[in-house]
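So the structure is just underneath, and the comments pick up after that.
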Amino acid sequence: MKLLLPGRKKMKYSITILECVNASGSHRVNLTLVGKNKKPLCFKNLNKTTLPVHYMHQESAWMNSSLFSEWFHDCFVPEVKKNPKKLKLKKALLLMDNAPAHSDVETLKAENITSIFMPPNTTAILQPMDQG
1 MKLLLPGRKK
11 MKYSITILEC
21 VNASGSHRVN
31 LTLVGKNKKP
41 LCFKNLNKTT
51 LPVHYMHQES
61 AWMNSSLFSE
71 WFHDCFVPEV
81 KKNPKKLKLK
91 KALLLMDNAP
101 AHSDVETLKA
111 ENITSIFMPP
121 NTTAILQPMD
131 QG
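With the first letter of the sequence shown counted as 1, position 71 gets the number 71 in full-length UniProt numbering; the numbers rise by one all the way through.
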């Protein structure tokens, strides 16, 4: 058991988790974790491409518009397109709340994928996954 020295603060480490599922819950995009470090110690001997999650890094470990755009183009679009017959999709819609971290819908465009924002102040009513 480690004890804190007087005058020292306990180290805090936080991550952001981005989750994305279809309306029925039958398909989900792999979770995306946003951490502070480019290569966290827990990934020391692992190849990130073999993990069942996407890992991104940013100094505060928060999602920002640049990371969100990267997630959209590098994670979301490829996962939606990899099994269109299995998903029975011709087109896809990414429905987002209006969080400041989300990129402008103009940058979130891909073939047969449309992105739109939900109306403001509807999170509690329309987002069952937003639990804190």
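By construction, the Cβ of each residue, glycine as well, lies at the ideal position given by its N, Cα and C atoms. All values derive from a computational prediction rather than experimental measurement.
Consult DSSP for L31 and reduce its assignment to one of helix, strand or coil.
One-based indexing of the sequence shown puts residue 31 at position 31. L31 falls in the strand class under three-state DSSP.
Given V53, which residues of its chain have a CB within under 6 Å of its CB, disregarding the five upstream and five downstream residues?
Within the sequence shown, the letter at position 53 stands for residue 53. If we look at V53 and ignore the five residues flanking it on each side, its Cβ neighbours are N30, L31 and L33.
With 16 as the cutoff for other CB atoms within 10 Å, does C42 come out buried or exposed?
Position 42 of the sequence shown, counted from the start, is the residue given in the question as residue 42. Exposed, because fewer than 16 other Cβ atoms sit within 10 Å of the Cβ of C42.
In three-state terms, what does DSSP make of S69?
Position 69 of the sequence shown, counted from the first residue, corresponds to residue 69. Helix, per DSSP.
Quick check on V53: does DSSP put it in helix, strand or coil?
Within the sequence shown, numbered from 1, the residue matching residue 53 stands at position 53. Three-state DSSP puts V53 in coil, outside helix and strand.
Going by C-alpha distance, which of L95, A92, F68 and A124 is nearest T107?
Numbered from its first residue, the sequence shown carries residue 107 at position 107. When each option's Cα is compared against that of T107, the closest is F68.
Just tell me which of I113, S103 and S24 has its CA closest to the CA of S66.
Locating residue 66 in the sequence shown gives position 66, counting from the first residue. Checking every option, the nearest Cα to that of S66 belongs to S103.
Selected residue, minimal CA-CA separation from V105, among L46, W62, H57 and H73
If you number the sequence shown from 1, residue 105 lands on position 105. The shortest C-alpha separation from V105 is found at H73.
Tell me which residues share the same chain as M96 and place their Cβ nearer than 8 Å to its Cβ, disregarding the 5 neighbours each side in the sequence.
By 1-based counting over the sequence shown, the position of residue 96 is 96. The residues are H102, S115, I116, F117 and M118.
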